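Heads up: take any position in the sequence shown, counting from 1, add 560, and you land on the working numbering.
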Amino acid sequence: MDVKRLDLLRELAERGSVTAVAEATARTPSAVSQQLKVLEREAGMPLTQRSGRGIVLTSAGHALARSAADVAIALERASALWDEFRNHPSGEVSLLTFPTVGATLLPGVLTDLASVAGLVVHATDLDPELAEFADLTSDFDIVLAHTMPGVLPWGGRGLKAVPLLTEPLDIGLPADHRLANRAHLTPADLVDDTWLGVPPGFPFERILHAIEQQVGQRVRVGQRFSDMRIIEAFIEAGLGIAFVPRFTSGAVPDSIVLKPLRGVASARQIVALVRPDVAERLAVRTVLDVLVARASRLEAAHAA
Numbered sequence: 561m562d563v564k565r566l567d568l569l570r571e572l573a574e575r576g577s578v579t580a581v582a583e584a585t586a587r588t589p590s591a592v593s594q595q596l597k598v599l600e601r602e603a604g605m606p607l608t609q610r611s612g613r614g615i616v617l618t619s620a621g622h623a624l625a626r627s628a629a630d631v632a633i634a635l636e637r638a639s640a641l642w643d644e645f646r647n648h649p650s651g652e653v654s655l656l657t658f659p660t661v662g663a664t665l666l667p668g669v670l671t672d673l674a675s676v677a678g679l680v681v682h683a684t685d686l687d688p689e690l691a692e693f694a695d696l697t698s699d700f701d702i703v704l705a706h707t708m709p710g711v712l713p714w715g716g717r718g719l720k721a722v723p724l725l726t727e728p729l730d731i732g733l734p735a736d737h738r739l740a741n742r743a744h745l746t747p748a749d750l751v752d753d754t755w756l757g758v759p760p761g762f763p764f765e766r767i768l769h770a771i772e773q774q775v776g777q778r779v780r781v782g783q784r785f786s787d788m789r790i791i792e793a794f795i796e797a798g799l800g801i802a803f804v805p806r807f808t809s810g811a812v813p814d815s816i817v818l819k820p821l822r823g824v825a826s827a828r829q830i831v832a833l834v835r836p837d838v839a840e841r842l843a844v845r846t847v848l849d850v851l852v853a854r855a856s857r858l859e860a861a862h863a864a
């Protein structure tokens, strides 16, 4: 069977429609359908079936798609072994980050990688909902994701998750706030304040729900933003309080104080998500190694 056609079948299993596969692989839907029909003839049995206006995989199609993933892993592993033999992690690596980590961690990572001849990293940023991080691995080699400890929305997807940081989330207050002199805060201290929240479905929202459960009432969310710079500006203006990442928020202005929260787990886990075949590439492994090293340095700098 043709490896490229197998890969199209795998893409269909992951993306769910011929149109989505066509967009991702720069083909027309008819070209994708034609290649899948050729693969069916090679396999000697139906791999897809009609479902409404689209198609879905048959049980044989799902089985072959899983085999396609194994083939892709084996091919990438062979390529990586050859790169290691040549001691040359060359190639292009696409990386998706979310804004806070992109601002604090990524510049150092790309600086460290600049000396690796032939290795090019194409990075961009997006802060999606929690459940969407795993889907983005179909379009990027490395996806930097964040979630609450113990919450793994990408579980069962077969992705490799490389731990980078466990980052405390402090409470950001205006410097003249009534609680600004406290050593730490509890949910009961904060229940009457106006919060600056995140869009529904974003990881920090779960901590607000935990606070509500502990105090037995809803908290008041005045505004919702995904950009930490906007949130910090609103804290400075006295328009609310918010969760502020301890390591990756950058230099917090003197007009804002950060206080640890006690009584509710207030931290996030930052990981790098990679498809298992992509994780075999030496270039990708090189980027991951530098990400891990830089994250360790960032954490150590705040512990000092």
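Beta carbons: idealized from backbone N, C-alpha and C, even for Gly.
Predicted model only: the values in this text are computed from it and were never measured.
**Report entry** Rounded C-alpha distance that separates residue 645 from residue 822
**Finding:** Within the sequence shown, the letter at position 85 stands for residue 645. Within the sequence shown, the letter at position 262 stands for residue 822. Residue placement at residue 645 cannot be trusted, given a pLDDT of 47 that sits under 50; the coordinates are not used to answer.
Query raised in the report: Is the region 797 to 813 in contact with the region 677 to 691, if contact means three or more CB pairs nearer than 8 Å?
Result: no
**Report entry** Chain-order list of residues whose beta-carbon lies under 7 Å from that of residue 504 (same chain, five-residue window excluded)
**Finding:** Absent from the model: residue 504. The displayed extent of the chain is 561 to 864, so no value can be given.
Query raised in the report: Among 856, 658, 842, 745, which has the Cα closest to the Cα of residue 786?
Result: The residue given as residue 786 occupies position 226 in the sequence shown. Per the Cα distances, 658.
Query raised in the report: Can you give the beta carbon distance from residue 824 to residue 740, rounded, assuming they're within the 8 Å contact cut?
Result: To locate residue 824, count along the sequence shown from 1; it is residue 264. To locate residue 740, count along the sequence shown from 1; it is residue 180. Contact flag wrong, Cβ pair sits at about 20 Å.
Requested in this report: Return the CA-CA distance between residue 698 and residue 710, expressed in angstroms with no decimal places.
Outcome: Walking along the sequence shown from the start, residue 698 turns up at place 138. Walking along the sequence shown from the start, residue 710 turns up at place 150. Roughly 24 Å separates the two Cα atoms.
Query - Same chain, Cβ closer than 8 Å to residue 584, five either side skipped, listed in chain order - result: Numbered from 1 along the sequence shown, position 24 holds the residue referred to as residue 584. Counting only Cβ-Cβ distances below 8 Å, and skipping sequence neighbours, we find 571, 575, 698, 699.
Requested in this report: Find out if the Cβ-Cβ distance for the pair residue 850, residue 725 is shorter than 7 Å.
Outcome: For the purposes of this step, residue 850 is taken as residue 290 along the sequence shown, with counting starting at 1. For the purposes of this step, residue 725 is taken as residue 165 along the sequence shown, with counting starting at 1. Against a cut-off of 7 Å, the Cβ pair of residue 725 and residue 850 comes out as no contact.
Report task. Using alpha carbons as the reference points, say which of 772, 779, 808, 716 lies closest to residue 754. Result -> Here residue 754 corresponds to residue number 194 of the sequence shown, with the count starting at 1. The shortest C-alpha separation from residue 754 is found at 779.
Query raised in the report: Can you name, in chain order, every residue of its own chain whose Cβ lies under 7 Å from the Cβ of residue 567, other than the five neighbours on each side?
Result: For the purposes of this step, residue 567 is taken as the residue at position 7 of the sequence shown. Contacts found: 628, 632.
Query raised in the report: Under a three-way DSSP split, which group does residue 726 fall into?
Result: Mapped onto the sequence shown, residue 726 falls at position 166. Of the three classes helix, strand and coil, the one that applies to residue 726 here is strand, per DSSP.
Query raised in the report: Taking the alpha carbon of residue 773 as the point to measure from, which residue in 747, 862, 788 has its own alpha carbon closest?
Result: Within the sequence shown, the letter at position 213 stands for residue 773. When each option's Cα is compared against that of residue 773, the closest is 747.
Query raised in the report: So what does DSSP say about residue 693, is it helix, strand or coil?
Result: Translated into the one-based positions of the sequence shown, residue 693 becomes position 133. Reduced to three states, the DSSP call for residue 693 is coil.
Requested in this report: Using only alpha-carbon positions, find the residue among 842, 843, 858 that is nearest to residue 805.
Outcome: Your numbering for residue 805 matches position 245 in the sequence shown. Nearest option by C-alpha distance: 858.
Query raised in the report: What residue range is occupied by the uninterrupted alpha helix (DSSP H) comprising residue 742?
Result: Taking the sequence shown and counting its residues from 1, the one referred to as residue 742 is at position 182. Per DSSP, residue 742 belongs to no alpha helix (DSSP H) and is neither H nor E.
Requested in this report: Go ahead and pull the three-state DSSP assignment for residue 841.
Outcome: Position 281 of the sequence shown, counting from 1, holds the residue named residue 841. The answer is coil: DSSP assigns residue 841 none of H, G, I, E or B.
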